[in-house]
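So the structure is just underneath, and the comments pick up after that.
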Amino acid sequence: TVGAGVYVLVGTVAREHSGPALTLSFLIAGIAAALSAFCYAELASRCPSAGSAYHYSYICVGEGVAWLIGWALILEYTIGGSAVARGISPNLALFFGGPNSLPWILARHELPWLDVVVDPCAAALVFLVTALLCVGIKESTFVQGIVTVLNCCVMLFVIIAGTYIGFQTGWVGYKVSGGFLPYGVNGMLAGSATVFFAYIGFDSVASTAEEVRNPQRDLPLGIATSLTICCSLYMLVSVVIVGLVPYFAMDPDTPISSAFARHGMQWAMYLVTSGAVLALCSTLMGSLLPQPRILMAMARDGLLPSFFSDVSEKTQVPVKSTIITGICAASLAFFMDVSQLAGMVSVGTLLAFTIVAVSILILRYVPPDEVPLPSSLQTSFRLSQECDEEKVGSPLGDGNHEQGTSEIKDVIVVESINDPLIEKQLYANKLDELNRRKTAARSIASVCVGVLILTASASVTFLPFLVMCLFCVFGGLLLLAGLGMLSWIDQDDGRHSFGHSGGFICPFVPLLPVMCILINTYLLINLG
Numbered sequence: 260t261v262g263a264g265v266y267v268l269v270g271t272v273a274r275e276h277s278g279p280a281l282t283l284s285f286l287i288a289g290i291a292a293a294l295s296a297f298c299y300a301e302l303a304s305r306c307p308s309a310g311s312a313y314h315y316s317y318i319c320v321g322e323g324v325a326w327l328i329g330w331a332l333i334l335e336y337t338i339g340g341s342a343v344a345r346g347i348s349p350n351l352a353l354f355f356g357g358p359n360s361l362p363w364i365l366a367r368h369e370l371p372w373l374d375v376v377v378d379p380c381a382a383a384l385v386f387l388v389t390a391l392l393c394v395g396i397k398e399s400t401f402v403q404g405i406v407t408v409l410n411c412c413v414m415l416f417v418i419i420a421g422t423y424i425g426f427q428t429g430w431v432g433y434k435v436s437g438g439f440l441p442y443g444v445n446g447m448l449a450g451s452a453t454v455f456f457a458y459i460g461f462d463s464v465a466s467t468a469e470e471v472r473n474p475q476r477d478l479p480l481g482i483a484t485s486l487t488i489c490c491s492l493y494m495l496v497s498v499v500i501v502g503l504v505p506y507f508a509m510d511p512d513t514p515i516s517s518a519f520a521r522h523g524m525q526w527a528m529y530l531v532t533s534g535a536v537l538a539l540c541s542t543l544m545g546s547l548l549p550q551p552r553i554l555m556a557m558a559r560d561g562l563l564p565s566f567f568s569d570v571s572e573k574t575q576v577p578v579k580s581t582i583i584t585g586i587c588a589a590s591l592a593f594f595m596d597v598s599q600l601a602g603m604v605s606v607g608t609l610l611a612f613t614i615v616a617v618s619i620l621i622l623r624y625v626p627p628d629e630v631p632l633p634s635s636l637q638t639s640f641r642l643s644q645e646c647d648e649e650k651v652g653s654p655l656g657d658g659n660h661e662q663g664t665s666e667i668k669d670v671i672v673v674e675s676i677n678d679p680l681i682e683k684q685l686y687a688n689k690l691d692e693l694n695r696r697k698t699a700a701r702s703i704a705s706v707c708v709g710v711l712i713l714t715a716s717a718s719v720t721f722l723p724f725l726v727m728c729l730f731c732v733f734g735g736l737l738l739l740a741g742l743g744m745l746s747w748i749d750q751d752d753g754r755h756s757f758g759h760s761g762g763f764i765c766p767f768v769p770l771l772p773v774m775c776i777l778i779n780t781y782l783l784i785n786l787g
């Protein structure tokens, strides 16, 4: 889905938030996405499931938070599909001669009494994709690959041709009177929170944890490569487009194709529009496809009515969940504009990946002694355990020798229990471990509270400057104290046997998850 977010968001974010600093907004969002992706990768490797972040939070944090994250994912996928569908119709209209040239039944209409602009074309596209998903789509990966390659070619054309035009015209977009940051640093960060929507989908790389041969090497390489390509393309395209057209004059619906049309390149406008339509259609399908699976997983765990867990025997697709998802997404696409939808998508995404980062800290320092597996995961884990038991029980040596060794161990354990010195040492070790877990839990809580106070204080504008500084210092001290304690104490030994061991391990813990929590929370607050 490379480029879909760029086609939708460049104009809106540049006009309302970032101005010429749009490139920095994409860079900051890309860094936040990379931190989240590495946290996501470890949990995907240990607990692979269709429920994704919902299941990770269920296991590491609890059912209540998992319910919240499940709805955040529902928000992400449903509203994300609506935002993408809303961006397709203006691009299709260009093939009919202009922004308002679609047939009357598909054209946008303003409803003055509701103060909204409805988009029948977007709703129709959502219903069409929903029907295809209900029937069942095969070889979608191959089709998505072709679309992605074609779209990358279109974006490379935009970069090369746009650079040539920019040097010919003198980069008029960077000569505006408002400067590079017309809305200030807060505007740039608000733009970063919104364009985070463009990076949604990187978790699809992490979700292939069980399918790669060497997850320790291939998974981080795939995440880093995909995010590097996306971030580089997004930044280069935004540099070019903002330089071709002043940010305040950008078309919010078709910013890239309109920029070429503004410089007299009509044929390039149609080429870019074709790439935009392909990318947006691909992203629309990718947004609506996983949503019914989240509903199905939550229904199987008893958090939603069992109606959502019904699967068609013929197509093996949760048809009822798919239809409900399609109706909701089509309704949102019909009534709401792209800027509103993109901001709402980023809320769900940032919240989900913040909890994923917290789950990494919990997994490393205070993993649950008894993992409360949700119903939808028990079957797969049971099969995995049976497979492990078969491997352990295979005849690799003399059975009598193993039995004798076991009896010797039992005798040693019984004698050890009756030894008061060993009993005292075992009690001391258990007490030390209990204190370590308490310290780790308090440190994680200190990090979370400190991040919340620091980011909220740095974002508000109604507090006096001195009060804001005091709150920032207090939050920063809590954050640094928690991070320091987590760096000082040992991680829990149980982390090695949690879930499917031997997969990808998130590097630089606790620093990387804490940075992920800090950046995502700040972006979340700056969504406004």
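Numbering-wise, the numbering used here puts 388 at position 129 of the sequence shown, and it's gapless, one number per residue. C-beta atoms are modelled at their ideal positions from N, C-alpha and C, and glycine is treated no differently.
Rounded to the nearest angstrom, the gap between the Cα atoms of Ala344 and His276 is 22 angstroms. The residue among Leu539, Val536, Ile500 with its C-alpha nearest the C-alpha of Arg521 is Ile500. Taking the CA atoms as reference points, Tyr433 sits about 9 angstroms from Val504. Under the 10 Å beta carbon count, Asp510 is surrounded by 16 or more other beta carbons and is classified as buried. Using a Cβ-Cβ distance cut-off of 8 angstroms, the region 743 to 754 and the region 264 to 271 are not in contact, since fewer than three pairs of beta carbons, one from each stretch, lie closer than that value.
If you ignore the 5 residues before and after Ala616, its C-beta comes within less than 6 angstroms of the C-beta of Cys298, Pro772, Cys775, Ile776, all in its own chain and listed in chain order. In the DSSP assignment, no residue is bridged to Leu610. With 16 or more other CB atoms across the displayed protein chains lying within 10 angstroms of its CB, Ser316 is buried. With a contact defined as Cβ atoms closer than 8 angstroms, Leu786 and Ser546 miss out at about 19 angstroms. The beta carbon of Leu739 is closer than 8 angstroms to those of Gly709 in its chain, skipping five residues each way along the sequence. For the region 352 to 395, the full-length alpha helix (DSSP H) segments reaching 4 residues or more read 379 to 394 along the chain. Between the region 576 to 590 and the region 330 to 340 there are three or more C-beta pairs closer than 8 angstroms, enough to call the two in contact. Spatial neighbours of Gln550 in its own chain (CB-CB distance under 7 angstroms, excluding positions within 5 residues in sequence) are listed in chain order as Ile333, Tyr336, Thr337, Thr584.
Annotated as distal: Ser485 and Phe285, with beta-carbon spacing of 7 angstroms or more. Cβ contact annotation for Met524 (same chain, cutoff 8 angstroms, sequence separation greater than five): Ala420, Ile424, in chain order. Put simply, the region 530 to 548 touches the region 346 to 354. At least three CB pairs are less than 8 angstroms apart. Exposure of Arg701 is indicated by the presence of fewer than 16 other C-beta atoms within 10 angstroms of its C-beta. In the assembly as shown, Lys697 is an exposed residue. Its beta-carbon has fewer than 16 other beta-carbons within 10 Å. By the neighbour-count criterion, in which a residue is buried when 16 or more other Cβ atoms sit within 10 angstroms of its Cβ, Glu369 is exposed. Boundaries of the alpha helix (DSSP H) around Asn445: 443 to 454. Counting only the Cα atoms, Leu365 lies some 36 angstroms from Leu782.
Residue range 578 to 594 is occupied by the alpha helix (DSSP H) that includes Ile582. With 16 or more other Cβ atoms from the protein chains shown falling within 10 Å of its own Cβ, Gly450 counts as buried.
When the five nearest sequence neighbours on each side are left out, the beta carbons in the same chain lying within less than 8 angstroms of the beta carbon of Trp326 are those of Met557, Leu562, in order along the chain. Taking a 10 Å sphere around the C-beta of Cys306, we find 16 or more other C-beta atoms and assign the residue as buried.
Excluding the 5 residues flanking it on each side, Val320 has same chain C-beta neighbours closer than 8 angstroms at Ile614, Val617, Ser618, Ile621, in chain order. For Phe355, the closest C-alpha among the options Leu480, Ile287, Ala382, Met528 is that of Met528. 7 angstroms or more divides the Cβ of Ile712 from the Cβ of Ala291. Shown here, Trp430 sits in coil according to DSSP, grouped into three states, outside any helix or strand. Of the candidates Met555, Gly607, Ser568, Arg695, Arg695 places its Cα closest to the Cα of Tyr624. In terms of Cβ geometry, Thr282 and Met494 form a close pair [threshold 7 angstroms]. Annotation: the continuous alpha helix (DSSP H) that includes Val531 extends over 525 to 547.
Judged by DSSP in its simplified three-state form, Thr574 adopts coil rather than helix or strand. When only Cα atoms are considered, Leu478 and Ala390 end up about 33 angstroms apart. With a contact defined as Cβ atoms closer than 8 angstroms, Leu609 and Phe455 qualify at about 6 angstroms. Shown here for Arg367: same chain residues with a beta carbon closer than 6 angstroms to its own, the five before and five after excluded, namely Val376, Asp378 in chain order.
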